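Chains as they are written, first to last, in the working numbering: chain A, 77 to 388; chain R, 77 to 388; chain L, 77 to 388. Glycine included, every Cβ here is placed at the ideal spot set by N, Cα and C. The model shown is predicted, which means the values in this text are computed figures rather than measured ones.
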Amino acid sequence: MSLKGRDIMHARDFSKDECDYILDLTDYFHSQYKRKELNKIAVDKIIALLFFEPSTRTSFAFEAAIQHLGGGSIGESGVEATSYKKGESFTDGIRMVDKFCDLIVMRHPEQGAPQRAAEVADVPVINCGDGNSQHPTQPLLELYAIKKLRGDVSGLNVVLMGDLKHMRVDHSIVYTLAMYGNHVIYVSPPELTMPEEITNEVKTRYHAKISAMDPPEALEIADVVYITPIAKRRFEDPKEYEKFASLGTYNINMKTLQKAKKDLLVLAPLPRYEEVSTELDSTSYQGYFKMYEYAVPSKMAILSTVLGLDTP
Amino acid sequence: MSLKGRDIMHARDFSKDECDYILDLTDYFHSQYKRKELNKIAVDKIIALLFFEPSTRTSFAFEAAIQHLGGGSIGESGVEATSYKKGESFTDGIRMVDKFCDLIVMRHPEQGAPQRAAEVADVPVINCGDGNSQHPTQPLLELYAIKKLRGDVSGLNVVLMGDLKHMRVDHSIVYTLAMYGNHVIYVSPPELTMPEEITNEVKTRYHAKISAMDPPEALEIADVVYITPIAKRRFEDPKEYEKFASLGTYNINMKTLQKAKKDLLVLAPLPRYEEVSTELDSTSYQGYFKMYEYAVPSKMAILSTVLGLDTP
Amino acid sequence: MSLKGRDIMHARDFSKDECDYILDLTDYFHSQYKRKELNKIAVDKIIALLFFEPSTRTSFAFEAAIQHLGGGSIGESGVEATSYKKGESFTDGIRMVDKFCDLIVMRHPEQGAPQRAAEVADVPVINCGDGNSQHPTQPLLELYAIKKLRGDVSGLNVVLMGDLKHMRVDHSIVYTLAMYGNHVIYVSPPELTMPEEITNEVKTRYHAKISAMDPPEALEIADVVYITPIAKRRFEDPKEYEKFASLGTYNINMKTLQKAKKDLLVLAPLPRYEEVSTELDSTSYQGYFKMYEYAVPSKMAILSTVLGLDTP
Numbered sequence: 077m078s079l080k081g082r083d084i085m086h087a088r089d090f091s092k093d094e095c096d097y098i099l100d101l102t103d104y105f106h107s108q109y110k111r112k113e114l115n116k117i118a119v120d121k122i123i124a125l126l127f128f129e130p131s132t133r134t135s136f137a138f139e140a141a142i143q144h145l146g147g148g149s150i151g152e153s154g155v156e157a158t159s160y161k162k163g164e165s166f167t168d169g170i171r172m173v174d175k176f177c178d179l180i181v182m183r184h185p186e187q188g189a190p191q192r193a194a195e196v197a198d199v200p201v202i203n204c205g206d207g208n209s210q211h212p213t214q215p216l217l218e219l220y221a222i223k224k225l226r227g228d229v230s231g232l233n234v235v236l237m238g239d240l241k242h243m244r245v246d247h248s249i250v251y252t253l254a255m256y257g258n259h260v261i262y263v264s265p266p267e268l269t270m271p272e273e274i275t276n277e278v279k280t281r282y283h284a285k286i287s288a289m290d291p292p293e294a295l296e297i298a299d300v301v302y303i304t305p306i307a308k309r310r311f312e313d314p315k316e317y318e319k320f321a322s323l324g325t326y327n328i329n330m331k332t333l334q335k336a337k338k339d340l341l342v343l344a345p346l347p348r349y350e351e352v353s354t355e356l357d358s359t360s361y362q363g364y365f366k367m368y369e370y371a372v373p374s375k376m377a378i379l380s381t382v383l384g385l386d387t388p
Numbered sequence: 077m078s079l080k081g082r083d084i085m086h087a088r089d090f091s092k093d094e095c096d097y098i099l100d101l102t103d104y105f106h107s108q109y110k111r112k113e114l115n116k117i118a119v120d121k122i123i124a125l126l127f128f129e130p131s132t133r134t135s136f137a138f139e140a141a142i143q144h145l146g147g148g149s150i151g152e153s154g155v156e157a158t159s160y161k162k163g164e165s166f167t168d169g170i171r172m173v174d175k176f177c178d179l180i181v182m183r184h185p186e187q188g189a190p191q192r193a194a195e196v197a198d199v200p201v202i203n204c205g206d207g208n209s210q211h212p213t214q215p216l217l218e219l220y221a222i223k224k225l226r227g228d229v230s231g232l233n234v235v236l237m238g239d240l241k242h243m244r245v246d247h248s249i250v251y252t253l254a255m256y257g258n259h260v261i262y263v264s265p266p267e268l269t270m271p272e273e274i275t276n277e278v279k280t281r282y283h284a285k286i287s288a289m290d291p292p293e294a295l296e297i298a299d300v301v302y303i304t305p306i307a308k309r310r311f312e313d314p315k316e317y318e319k320f321a322s323l324g325t326y327n328i329n330m331k332t333l334q335k336a337k338k339d340l341l342v343l344a345p346l347p348r349y350e351e352v353s354t355e356l357d358s359t360s361y362q363g364y365f366k367m368y369e370y371a372v373p374s375k376m377a378i379l380s381t382v383l384g385l386d387t388p
Numbered sequence: 077m078s079l080k081g082r083d084i085m086h087a088r089d090f091s092k093d094e095c096d097y098i099l100d101l102t103d104y105f106h107s108q109y110k111r112k113e114l115n116k117i118a119v120d121k122i123i124a125l126l127f128f129e130p131s132t133r134t135s136f137a138f139e140a141a142i143q144h145l146g147g148g149s150i151g152e153s154g155v156e157a158t159s160y161k162k163g164e165s166f167t168d169g170i171r172m173v174d175k176f177c178d179l180i181v182m183r184h185p186e187q188g189a190p191q192r193a194a195e196v197a198d199v200p201v202i203n204c205g206d207g208n209s210q211h212p213t214q215p216l217l218e219l220y221a222i223k224k225l226r227g228d229v230s231g232l233n234v235v236l237m238g239d240l241k242h243m244r245v246d247h248s249i250v251y252t253l254a255m256y257g258n259h260v261i262y263v264s265p266p267e268l269t270m271p272e273e274i275t276n277e278v279k280t281r282y283h284a285k286i287s288a289m290d291p292p293e294a295l296e297i298a299d300v301v302y303i304t305p306i307a308k309r310r311f312e313d314p315k316e317y318e319k320f321a322s323l324g325t326y327n328i329n330m331k332t333l334q335k336a337k338k339d340l341l342v343l344a345p346l347p348r349y350e351e352v353s354t355e356l357d358s359t360s361y362q363g364y365f366k367m368y369e370y371a372v373p374s375k376m377a378i379l380s381t382v383l384g385l386d387t388p
């Protein structure tokens, strides 16, 4: 199997077979990485990192991944959106950069910008976040982390907790979780529920079981909690935010997890605001740091298959 | 032939033999690049990319070029001019950086800054733009593009259109075009004509045929048009700008090219403002994107000869 | 000997044997570097360069060093302190980055930040400047420069001149100089003397001879002068600054060096303000540019031993 030349725009772009393949590749690179074996299969490849929004996690992981594969990169976090002007000039810039590299990795504040890039680029484009819309390579990391840290990737009760309305990581992982036959449980303030069109599409596409619950109920049956922060600026009325904040309803700490399963796994995309108490950092629940051990191998898997490199 | 250790400050620094040699080297690297052959002849080399002004095109192309040659780079686009203070401190900084690298690639808002760097640096310095003055490696790319896309590099009617007063790319390419025996045709608003001292030097040095024409006449006989944008801020009286803008005189579109030669080639350094209509993007006239296919090989050619690498 | 896995936080972290070993390694890499021999012993290593304060000298030298060793880097000068929020989020960020790399090189405006990073990171952390506190790899370069340019590293009269109160390079080198049995001579305005706790610790730890002198007396017996600039902003009363500035007391020029030893060596960490006259640049006193010839080999020595690479 190979995803050679494929643009990666949306979490639904991967079939289950393709996801399985990427998880296997991640395993392969992770084992190799731990054994400190070299695998310089990309020595003739250069990727462009075009991050029009700040990024450390994602851009650093891709940068490290291409270097482990022996390849190079141009561009970086913090490309000024202004140097690529709006409209035509953005795609003009892409038509130029695409001649300097073998693959473009992009984050952009505007929804659809990576798609517009992909339409003019000869090389494949990987969307690493476009506005509130999608960040499709992130669930591949999270799925692998669930597999490693929880032992399985299907048949689980997975709670998506926090700002489901705005967070592109939630808009992405819901597809992947549903495709793998998990029960997805939404837990969010009524103001911040998952967009209906996403839920409808996921249900239709994957015949998925999706529920909405209140925090106590959800945390009692959860096998995995995936929690995103709720940002004050999302609320028109600051008092509404204060209500949630003071209740501590959409935060996780040892008290809210009193009735949780012993083998609960807590994931969070970070950076952390107040959604996860530091009490959890040294407990067995904590998966939000452990997860990043797999970030570089996961990006190596994606890069190698999209670049068409020689892998198992 | 070799330009080992040579500072590249001005378009006139290259003899015709040297230009021919660099075009041949560009051909060599371009063929190799297309065949995906490795040529890691710079594994012990590090170049410093000191861009005191934003750059994507040029800095990305040099960064990709050194990586394809197996070498590395330090620095990047967006070096703060403030960290290298004015006067002595600028050259102090260069005397330090030059001990960390084998070659300095520099862009600076002040005319002559690369020259001042070259005076104190032990390693060669390549000027990639100093104020309104020069950008001498750019015409090497454009000349190669004309050769590939138009079949010849001499005896052509080449129109330089736009803001000839301020654009360093025009101040550079005019030397190269004249040296190769082309007829250079200036087309610009009277406020934005080519500086007289440049025209005089080019005529004296290369016995070149240089004319000034109005747009319709020039576009009818042009083999190549090299067009730069006219920026509003260049005009003291905004009404003057509006006059040119509303006339659409110094812009190119399918209408202004009605009487153009069938095999006309349109080049533009980009980024595009309004000088080239997007109507042209999918026509055979378009060379402004195609040109960038040669950017990395062109930079590989320049780097390899100035670094004294082992090339044909 | 090896410093494999060691955090480098403070100049006192190195024993004299360890310093000797690093000087020897610097020699080894410097010879190799001059012979243009390759030594790609770090091909499986990636270092993170987290510079929360601007840096060119130090970050460029580390970046060039890891590339000469065949390794790669992520991050760069100018990481926004804002993306790593204060408090927990800073260490959260480190717990993530440390999974992407084999070593962290850090500069941070807050004293103790690298120590907080080292406490949560699995990989070693090298402090390259934390507030006014320490910059412990800098004296290793300066010691090597003294050895090469002055022939010896002990038994010398070394003058530390300038703002001894605030400059972390002074707070670092004083330990190393004392450990090697040099006579350290402080020369500073009374407002900017070396913090007493540092002097006391250095005396107790190394039984060192430390004196304070006025400029003329000190410059007459100095074998080495290490001079740092006095910044106007350090003075509450601007008139106080003017007094020092107008006197030219804590600056060096040919006049103030009239009675200096013929083989005096002047070092300065740069960037230069007004502390060293450009008159000295072409004299034999000048060591402040020459020193940087050893910067990359010095960083190669530190990286290779902390990474546990295969060196002599």
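Is it buried or exposed for Gln-210(R), if we count other Cβ within 10 angstroms and need 16 for buried?
buried
For Tyr-349(R), collect the residues of the same chain with a Cβ closer than 6 Å to its Cβ; drop the 5 residues on either side in sequence, then sort them by chain order.
Pro-305
Can you tell me where the beta strand (DSSP E) with Tyr-262(A) in it begins and where it stops?
259-263 is the span of the beta strand (DSSP E), which, as asked, contains Tyr-262(A).
At 8 Å on the CB atoms, spell out the chain R contacts of Cys-177(A), in chain order.
Ala-140
Is there a C-beta anywhere in chain A that falls below 7 Å from the one on Gly-384(L)?
no
What separation, rounded to the nearest whole angstrom, lies between the Cα atoms of His-283(R) and Leu-253(R)?
12 Å
Using the beta-carbon of each residue, which ones in chain L are nearer than 7 Å to Asp-120(R)?
Ordered by position in chain L, the residues that pass the 7 Å Cβ test against Asp-120(R) are Lys-112, Leu-114.
Looking at the secondary structure, which residues open and close the alpha helix (DSSP H) in which Leu-91(A) lies?
One detail in the question is off: residue 91(A) reads as Ser in this sequence, not Leu. Ser-91(A) -> no alpha helix (DSSP H), and no H or E assigned at all.
Use the C-beta contact count for Leu-216(A): other C-beta atoms within 10 angstroms, 16 or more gives buried, fewer gives exposed.
buried
Hey, Val-235(L) and Ile-261(L) are a contact pair by Cβ (cut 8 Å); roughly how many whole angstroms apart?
5 Å
Does the structure place the region 123-135 of chain R close enough to the region 84-91 of chain L that three or more beta carbon pairs sit under 8 Å?
no
Where do the N-terminal and C-terminal ends of the alpha helix (DSSP H) with Ala-137(L) fall, by residue?
133-144
Quick one: which residues of the region 355-371 of chain L get their C-beta closer than 7 Å to a C-beta of chain R? List them in chain order.
Correct list: Phe-365, Tyr-368, Glu-369, Ala-371.
Could you spell out where the beta strand (DSSP E) holding Ile-303(L) opens and where it closes?
300-303
Taking DSSP's pairing of strands, which residues face Arg-183(L) in a bridge?
Phe-127(L)
Is Tyr-302(A) closer than 7 Å to Leu-343(A) when the C-beta atoms are compared?
yes
If we define contact as Cβ-Cβ less than 7 Å, is Gln-143(L) a contact residue for chain R?
yes
Distance, Cα to Cα, Tyr-104(L) vs Ala-377(L)?
Straight-line Cα distance between these residues: approximately 8 Å.
So who's on the other strand from Ala-284(A), going by DSSP bridges?
Paired residue(s): none; Ala-284(A) is not in a bridge.
Among residues of its own chain, excluding the 5 on either side of Asp-394(L), which ones have a beta-carbon nearer than 8 Å to its beta-carbon?
It is not possible to answer for residue 394(L), since the shown part of chain L is limited to 77 through 388.
Under the rule that 16 or more other beta-carbon atoms within 10 Å means buried, what is Met-330(L), buried or exposed?
exposed
Would you call Thr-280(R) buried or exposed, if buried means 16 or more other Cβ atoms sit within 10 Å of its Cβ?
Counting the other CB atoms within 10 Å of its CB gives Thr-280(R) a total below 16, which places it among the exposed residues.
Given this structure, state the Cα-to-Cα distance separating Lys-241(A) from Met-270(A), to the nearest angstrom.
5 Å
What span of residues does the alpha helix (DSSP H) with Ile-202(R) cover, start to end?
Run containing Ile-202(R): none in the alpha helix (DSSP H); it sits in the beta strand (DSSP E), 201-206.
Which partner residues does Asn-233(R) have in the DSSP bridge list?
His-259(R)
Is it true that the CB of Tyr-97(R) sits closer than 7 Å to the CB of Pro-373(R)?
In this structure, Pro-373(R) keeps its C-beta atom at 7 Å or more from the C-beta atom of Tyr-97(R).
Just to confirm before moving on: does the CB-CB distance between Asp-83(A) and Ala-194(A) stay below 7 Å?
Their beta carbons are under 7 Å apart, which means Asp-83(A) touches Ala-194(A) by this criterion.
Please state the DSSP three-state secondary structure of Ser-360(L).
coil
At a Cβ threshold of 7 Å, is Pro-271(R) touching chain A?
no
Under 7 Å, Cβ to Cβ, is there at least one residue of chain A near Lys-162(L)?
Note that Lys-162(L) scores a pLDDT of 43, beneath 50, so its modelled location is shaky and nothing firm can be said.
List, in order along the chain, the chain R residues whose C-beta lies closer than 7 Å to that of Phe-136(L)?
Ile-150, Gly-151, Val-173, Phe-176
Report all residues from its chain with a CB closer than 8 Å to the CB of Phe-176(A); omit the five preceding and five following residues, and keep chain order.
Ile-122, Ala-124, Ile-150
Quick check: Phe-365(A) and Arg-171(L), are their CB atoms within less than 7 Å of each other?
Yes, the pair counts as a contact, with Cβ atoms nearer than the cut-off.
Mind checking if Arg-244(A) is an interface residue toward chain L, Cβ cutoff 7 Å exclusive?
Arg-244(A) does not count as touching chain L.
Starting from Ser-165(A), find everything on chain R with Cβ-Cβ shorter than 7 Å and list it in chain order.
Pro-347, Arg-348
Can you list, in chain order, the residues of its chain with a C-beta nearer than 7 Å to that of Leu-99(R)? Leave out the 5 residues immediately preceding and following it.
Here the set comprises Leu-219, Tyr-220, Lys-223.
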